[in-house]
Structure formats: C-alpha cells, structure tokens
Amino acid sequence: MLLLFASFLAFDWSKEYREALQARNYVRAEIVLLRELKQGPESAPLLSALGGVHFQAGNFERAAAFFEKANRIQPLDESNRFTLAMAYAALNQRERAREHLLGLPETAMTLYWQGRLEFAGADYKRAIPRFEKAIELNPSFVRAHDSLGLTYEAVSNFDEAVRYYRLAMEKNAECSPWPAHNLGKLLLTLGRTDEAESVLTTCVSCAPDFAPGHYQLGRLREKQGRVNEAMASLRTATQKKPGSPDAWFALARVYQKLGHPFDQAEALANLARVQQNGIARDPSLLDQAIQTYRGLLQLSPASTDALYQLAFLLMIKGDHVEALAQVAKLPQSHLQRPQALAVSLVCHAATGREETPALLESLLAHKNLAEADALGILAALYASGQDKVALPLLERLLERGLAGSAGLKELAALYEKLDRHADARRTLEEAVKRSGA
Numbered sequence: 182m183l184l185l186f187a188s189f190l191a192f193d194w195s196k197e198y199r200e201a202l203q204a205r206n207y208v209r210a211e212i213v214l215l216r217e218l219k220q221g222p223e224s225a226p227l228l229s230a231l232g233g234v235h236f237q238a239g240n241f242e243r244a245a246a247f248f249e250k251a252n253r254i255q256p257l258d259e260s261n262r263f264t265l266a267m268a269y270a271a272l273n274q275r276e277r278a279r280e281h282l283l284g285l286p287e288t289a290m291t292l293y294w295q296g297r298l299e300f301a302g303a304d305y306k307r308a309i310p311r312f313e314k315a316i317e318l319n320p321s322f323v324r325a326h327d328s329l330g331l332t333y334e335a336v337s338n339f340d341e342a343v344r345y346y347r348l349a350m351e352k353n354a355e356c357s358p359w360p361a362h363n364l365g366k367l368l369l370t371l372g373r374t375d376e377a378e379s380v381l382t383t384c385v386s387c388a389p390d391f392a393p394g395h396y397q398l399g400r401l402r403e404k405q406g407r408v409n410e411a412m413a414s415l416r417t418a419t420q421k422k423p424g425s426p427d428a429w430f431a432l433a434r435v436y437q438k439l440g441h442p443f444d445q446a447e448a449l450a451n452l453a454r455v456q457q458n459g460i461a462r463d464p465s466l467l468d469q470a471i472q473t474y475r476g477l478l479q480l481s482p483a484s485t486d487a488l489y490q491l492a493f494l495l496m497i498k499g500d501h502v503e504a505l506a507q508v509a510k511l512p513q514s515h516l517q518r519p520q521a522l523a524v525s526l527v528c529h530a531a532t533g534r535e536e537t538p539a540l541l542e543s544l545l546a547h548k549n550l551a552e553a554d555a556l557g558i559l560a561a562l563y564a565s566g567q568d569k570v571a572l573p574l575l576e577r578l579l580e581r582g583l584a585g586s587a588g589l590k591e592l593a594a595l596y597e598k599l600d601r602h603a604d605a606r607r608t609l610e611e612a613v614k615r616s617g618a
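Residue numbering for the sequence shown follows our numbering, beginning at 182 and increasing consecutively.
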C-alpha cells in the first residue's frame with residue numbers, strides 16, 4: 182500500500198488536500214486536485230495524483246484514464262506505473278496490465294502480480310515460475326505461496342497445492358484467512374473432511390468476519406450431516422457478506438432439508454436481490470425463487486409478503502407486466518406502500534406507461550420513504566436500463582432531502598455517464614459541503 186500512496190503523497194498543494202488524503206475523503210481530494218488542474222491542465226504530477234486518488238476510491242477506469250493522460254505528457258515513474266498496472270488488473274484488462282508490469286524492475290511484488298495475471302489468463306505454466314521467483318526473492322511472501330498453491334490446484338497437482346497452502350499458513354504472521362480457506366476448501370473437495378474441519382476452524386478463528394470461511398465450514402457440516410450447525414455457519418456467512426450468492430443458495434438448500442419452506446423462500450429472495458446487482462452467475466436460481474413464491478401463494482393466497490416478494494422477483498427478471506399483475510392483487514390499503522409503489526414505478530417506466538409521473542409523485546410524497554429505500558429504487562431503475570427515469574427521480578429525491586451525500590455521489594456518477602462533466606464536478610463539490618467533511 183505504501184508503494185501506491187508514495188507517488189501522490191509527495192505533492193504538497195494544500196493543507197486541505199493532505200487532510201483529505203489522511204481522512205480517506207477521496208471526493209474532497211479530487212475536488213482540490215481539479216481546482217489545481219484548472220491552473221495547469223497539462224500537469225503530469227496533478228494528473229497522476231488524480232489517478233492515485235481514483236485508484237484508492239476504487240474507480241479503476243477513471244484512475245487508468247488519468248494515469249494514461251499523465252503518461253502521454255511525461256513518462257510515469259515506477260510507482261505510478263505499478264498503480265496503473267493494478268488498475269488495469271482490477272478492470273480485467275490483463276494485456277495492458279502485463280505491458281506496464283513488464284517495464285518495471287523484477288521485484289517480488291512485480292513478479293507476484295505478473296504471476297497473478299498469468300493465472301487469471303489460465304496460463305498456469307507461465308504463472309508457476311513467476312510465483313517461484315517471487316518466493317525466491319522474498320521467502321516470507323505469504324500471498325506468493327498461497328497463489329502458487331492455487332496454481333498447482335488448477336493443474337490438479339494437489340499434493341503440491343496442499344504443500345504450498347500449508348507453507349503459506351506457517352508464514353502467515355498477520356493471520357490472513359485466505360491460505361486456510363483455500364487449503365480447507367481443497368481438502369473438502371478431496372474428501373479429507375477431518376483435516377478440512379481443523380483448517381477451516383482455524384480460518385474463522387483467525388478472521389471471525391471472513392464470510393468465505395464460514396461458507397466453507399457450512400458446506401463441510403452439511404456434507405457431514407450436521408445440518409443445524411451448517412445452518413448456523415451459513416447464516417453467519419450471509420450476515421458477514423450479504424452479496425454472496427453461493428452462501429444464500431446453500432442456506433436455502435439447508436432450509437429445505439430442515440423443512441423450513443418460508444425460510445427457504447426468504448433465502449432465495451435474498452439470492453435474487455444479489456442477482457439484481459449482477460453478482461450471481463446462475464439465472465436459473467431466480468426462476469427457482471419465483472417458483473417457490475408461486476408455491477407459497479398456492480398454500481396461502483392472501484399472503485401480502487409473498488405477493489410483494491413475487492412482484493419484486495418478477496421485476497428483477499424483467500417480466501414487468503406480470504410483476505404489475507401481482508401488485509394488482511394486493512389489498513387496496515397496501516398499494517400506496519413504498520414497496521408496492523417502487524415496483525410499480527420501475528415496471529411502468531420500463532413499459533413506457535403514462536402513469537409513471539403520477540407514481541413518481543406518490544412515491545416522493547410518501548412519509549415512510551427512507552433514504553435507503555430511495556437509493557434501492559434507483560438501483561432497480563439502473564438495472565432495468567431506465568436512466569431517463571432515474572435522473573429526474575434522483576434530482577427530485579435530493580430536492581426533497583431523501584438522499585444525502587450518497588445520493589449526490591450517485592447523481593455525479595450519472596452526470597458523468599451522460600457526459601455532463603461540469604454538472605458532475607458541481608455535484609461532487611456539493612456532496613463535500615453536505616457531508617461537512
């Protein structure tokens with residue numbers, strides 16, 4: 182991390198900028214740099230600093246763009262070139278990342294990342310010597326040992342994989358959960374459940390908030406027939422990382438084994454929400470969740486919760502007409518609730534119906550509409566490609582005070598997407614003022 186920060190901590194433009202970096206307030210840091218950039222738009226150091234700020238904020242595409250612009254003015258130094266390579270790696274642009282890494286001196290870190298890129302491209306024969314050389318240069322390099330284990334596992338050399346995972350665990354002074362997780366997962370796959378249990382228990386003891394460890398422990402206990410313990414581990418996994426599709430699906434499966442149909446349906450509904458965010462890989466799971474709720478409605482036709490959930494799932498699937506049909510089955514007293522209005526708004530907007538403006542007004546006027554609900558509605562509009570509705574909705578939400586600094590950042594991102602850069606910059610400045618940072 183020091184390598185990434187070094188290049189743009191060196192520039193001392195203002196106390197405000199330094200304080201923003203120290204507080205990890207990257208929005209404010211960007212605003213300070215943009216102000217300075219007005220005075221010197223061809224300043225390579227300023228552009229590199231902007232690249233570094235966006236990298237730390239997780240905006241890898243913007244980071245790469247600023248670094249490339251700086252590089253055209255003046256060749257990047259080693260630190261900034263490494264950060265640019267990492268931005269391309271995060272964007273899964275392996276060739277560009279490799280190009281910049283190959284121009285750097287062969288250190289343990291650069292060799293490790295070269296190996297990671299080869300691994301990501303499934304070129305395991307080229308990845309192995311990169312990791313081996315990184316370990317030779319730094320025998321205590323835990324991530325290189327762990328990655329070499331992953332590579333040997335990928336080529337089905339399980340003995341070597343186990344050996345390097347164990348070496349990674351031995352050298353793991355900082356108690357990273359990944360080596361134990363990877364070893365436990367492999368041992369579970371190999372049927373060595375007793376060994377796997379010991380390793381995975383170590384994993385979650387080392388990092389109690391590490392969701393993948395709890396998920397693998399849940400899988401193990403389910404395989405052992407310890408279904409109640411599996412349920413507890415999988416619940417923990419979903420609490421620690423609600424965006425994990427595998428954990429939600431496994432939890433739904435365990436609920437089915439325990440004969441808990443409503444809990445199973447709730448787990449599948451949460452899985453569908455994960456799918457809405459583009460995380461889940463299997464679209465058939467959404468259909469399974471929909472069928473589960475249809476079955477529940479056959480058992481209990483008057484269940485308003487099941488109707489809400491079914492309408493929501495159909496909306497995510499893109500079946501907007503059927504979603505509206507389910508909303509129409511709700512009692513009249515429920516139709517003006519935020520959940521029903523939200524589904525109706527998204528579906529009416531997606532189908533181009535003239536009721537959209539009236540629904541928007543009803544939703545905005547609702548006294549129980551919270552900021553989190555408002556941003557959730559926006560996410561649904563984005564997912565269904567309704568940027569034209571999302572923009573005025575977000576602007577109105579901000580006018581009504583229903584979206585704070587997070588909403589302003591969303592608006593800035595939407596302006597950027599629409600190439601309204603001046604509006605984006607103005608909105609970012611307003612976000613900083615409102616946050617009081």
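Here a beta-carbon is modelled for each residue, glycine too, at the ideal position from N, C-alpha and C.
Computed from a predicted structure; not experimentally measured.
**Prompt:** Among the residues of its own chain, which have a CB less than 7 Å from the CB of residue 380, if the five just before and after it don't count?
**Reply:** As a position in the sequence shown, residue 380 is number 199, starting the count at 1. Result list for residue 380: 361, 364, 365 and 368, in chain order.
**Message:** By the DSSP assignment, the alpha helix (DSSP H) with residue 498 in it spans what residues?
**Reply:** Position 317 of the sequence shown, counted from the first residue, corresponds to residue 498. Counting along the chain, the alpha helix (DSSP H) containing residue 498 begins and ends at 485-498.
**Asked** The alpha helix (DSSP H) with residue 409 in it runs from where to where?
**Response** Indexing the sequence shown from 1 puts residue 409 at position 228. Counting along the chain, the alpha helix (DSSP H) containing residue 409 begins and ends at 408-421.
**Request:** Since I believe residue 208 is in contact with residue 609 (beta carbons under 8 Å), could you give me their beta-carbon distance rounded to a whole number of angstroms?
**Result:** As a first step, residue 609 must be located in the sequence shown, where it is residue number 428. As a first step, residue 208 must be located in the sequence shown, where it is residue number 27. Correct: roughly 6 Å between the Cβ atoms.
**Request:** Tell whether a beta-carbon distance below 9 Å holds between residue 241 and residue 231.
**Result:** Against the sequence shown, residue 241 aligns to sequence position 60. Against the sequence shown, residue 231 aligns to sequence position 50. No. Outside cutoff.
**Asked** In chain order, what residues of the same chain have a beta carbon less than 7 Å from the beta carbon of residue 628, not counting five sequence neighbours either side?
**Response** With the chain covering only 182 through 618, there is no way to say anything about residue 628.
**Asked** So residue 289 is in the alpha helix (DSSP H); what residue range does that whole segment cover?
**Response** On the sequence shown, position 108 is the one that residue 289 refers to. Unbroken alpha helix (DSSP H) run through residue 289: 289-301.
**Request:** Have a look at 255, 268 and 221 and flag the residue whose alpha-carbon is nearest the alpha-carbon of residue 238.
**Result:** Translated into positions along the sequence shown, residue 238 becomes position 57. That would be 268, whose Cα lies nearest to the Cα of residue 238.
**Pick from 491, 310 and 336 that is closest to residue 325, judged by C-alpha positions** = Looking up residue 325 in the sequence shown gives position 144. Residue 325 has its Cα closest to that of 310, out of 491, 310 and 336.
**Asked** Could you check where the alpha helix (DSSP H) with residue 322 kicks off and where it finishes?
**Response** Here residue 322 refers to the residue found at position 141 when the sequence shown is read from its first residue. Unbroken run through residue 322: none, as it is neither H nor E.
**Message:** Which complete beta strand (DSSP E) runs does the segment 317-375 hold, if anything under 3 residues is left out?
**Reply:** none
**Neighbourhood of residue 236 by C-beta, 6 Å cutoff - its chain only, sequence neighbours within 5 removed** = Position 55 of the sequence shown holds residue 236. 244, 264 and 268.
**Asked** Can you tell which of 399, 251 and 394 has its C-alpha closest to the C-alpha of residue 620?
**Response** Nothing about residue 620 can be reported from this structure: the residues present for the chain run from 182 to 618 only.
**Request:** Kindly list the residues whose CB is nearer than 7 Å to the CB of residue 461, restricted to its own chain and excluding five residues on each side of it in sequence; keep chain order.
**Result:** Residue numbering aside, residue 461 sits at position 280 when the sequence shown is read from its first letter. Note that residue 461 scores a pLDDT of 41, beneath 50, so its modelled location is shaky; the value from the coordinates is reported in the next line. Excluding sequence neighbours, residue 461 sits near 426, 452 and 455.
**Supposed close pair residue 359, residue 327 - CB separation, criterion 8 Å** = Start at 1 with the first residue of the sequence shown, and residue 359 comes out as number 178. Start at 1 with the first residue of the sequence shown, and residue 327 comes out as number 146. Confirmed, about 6 Å.
**Message:** Less than 7 Å between C-beta atoms, sequence neighbours within five positions excluded: which residues of the same chain meet that for residue 399?
**Reply:** Indexing the sequence shown from 1 puts residue 399 at position 218. Same-chain partners within the cutoff: 411, 414, 415, 418 and 431.
**Spatially closest choice to residue 518 from 495, 543 and 500, by CA coordinates** = Residue 518 sits at position 337 when you count from the first residue of the sequence shown. Answer by Cα proximity: 543.
**Asked** Does the Cβ of residue 393 have 16 or more other Cβ atoms within 10 Å, making it buried, or fewer, making it exposed?
**Response** Against the sequence shown, residue 393 aligns to sequence position 212. Answer is buried; the Cβ neighbour count reaches 16.
**Request:** Under 8 Å by Cβ, that's how I've got residue 504 and residue 492 pegged, so tell me the actual separation to the nearest angstrom.
**Result:** Counting from 1 along the sequence shown, the entry for residue 504 is found at position 323. Counting from 1 along the sequence shown, the entry for residue 492 is found at position 311. The pair is a contact, with the Cβ atoms about 5 Å apart (cut-off 8 Å).
**Asked** Given residue 484, which residues of its chain have a CB within under 8 Å of its CB, disregarding the five upstream and five downstream residues?
**Response** Translated into the one-based positions of the sequence shown, residue 484 becomes position 303. Closer than 8 Å at Cβ, skipping near neighbours: 477 and 478.
**Request:** For the alpha helix (DSSP H) holding residue 439, just list the boundary residues, first then last.
**Result:** Position 258 of the sequence shown, counted from the first residue, corresponds to residue 439. Its alpha helix (DSSP H) spans residues 426-439.
**Request:** Could you pull out every residue in the same chain whose Cβ sits closer than 7 Å to the Cβ of residue 383, ignoring the five residues on either side in sequence?
**Result:** Your numbering for residue 383 matches position 202 in the sequence shown. Excluding sequence neighbours, residue 383 sits near 361.
**Proximity winner among 371, 288, 219 and 500, relative to residue 339 (alpha-carbon distances)** = Walking along the sequence shown from the start, residue 339 turns up at place 158. Considering only alpha carbons, the answer is 371.
**First and last residue of the uninterrupted alpha helix (DSSP H) at residue 501** = Sequence index remark: in the sequence shown, residue 501 carries index 320 (1-based). First-last of the alpha helix (DSSP H) with residue 501: 501-509.
**Prompt:** When the Cα atoms are used, what is the spatial distance from residue 422 to residue 386?
**Reply:** Along the sequence shown, one-based indexing puts residue 422 at 241. Along the sequence shown, one-based indexing puts residue 386 at 205. Rounded to whole angstroms, residue 422 to residue 386 spans 17 Å at the Cα level.
**Request:** For the alpha helix (DSSP H) holding residue 391, just list the boundary residues, first then last.
**Result:** By 1-based counting over the sequence shown, the position of residue 391 is 210. First-last for residue 391: undefined, no H or E at that position.
**Message:** Just to confirm my understanding: we take residue 401, look at its own chain, exclude 5 residues before and 5 after, and list those with CB closer than 7 Å. What are they?
**Reply:** Locating residue 401 in the sequence shown gives position 220, where the first residue counts as 1. Cβ neighbours of residue 401 beyond the five flanking positions: 369, 374, 377, 378 and 381.
**Request:** Quick one: grab the DSSP three-state call for residue 280.
**Result:** Translated into positions along the sequence shown, residue 280 becomes position 99. In this structure, residue 280 counts as helix in the three-state DSSP scheme.
**Item:** Nearest candidate by alpha-carbon position, reference residue 344, set 354, 531, 603 and 331
**Value:** In the sequence shown, the residue the question calls residue 344 occupies position 163. Residue 344 has its Cα closest to that of 331, out of 354, 531, 603 and 331.
**With 16 other Cβ atoms within 10 Å as the buried cut-off, status of residue 459** = The count along the sequence shown starts at 1 and reaches residue 459 at position 278. Residue confidence is low: residue 459 scores 46 on pLDDT, short of 50, so the model does not pin down where it sits. No coordinate-derived value is stated.
**Asked** Looking at the structure shown, is residue 606 part of a helix, part of a strand, or coil, going by DSSP?
**Response** Position 425 of the sequence shown, counting from 1, holds the residue named residue 606. The answer is helix: DSSP assigns residue 606 an H, G or I state.
**Prompt:** According to the neighbour-count rule (16 or more other Cβ atoms, all chains shown, within 10 Å of its Cβ), is residue 516 buried or exposed?
**Reply:** Locating residue 516 in the sequence shown gives position 335, counting from the first residue. So residue 516 ends up on the exposed side.
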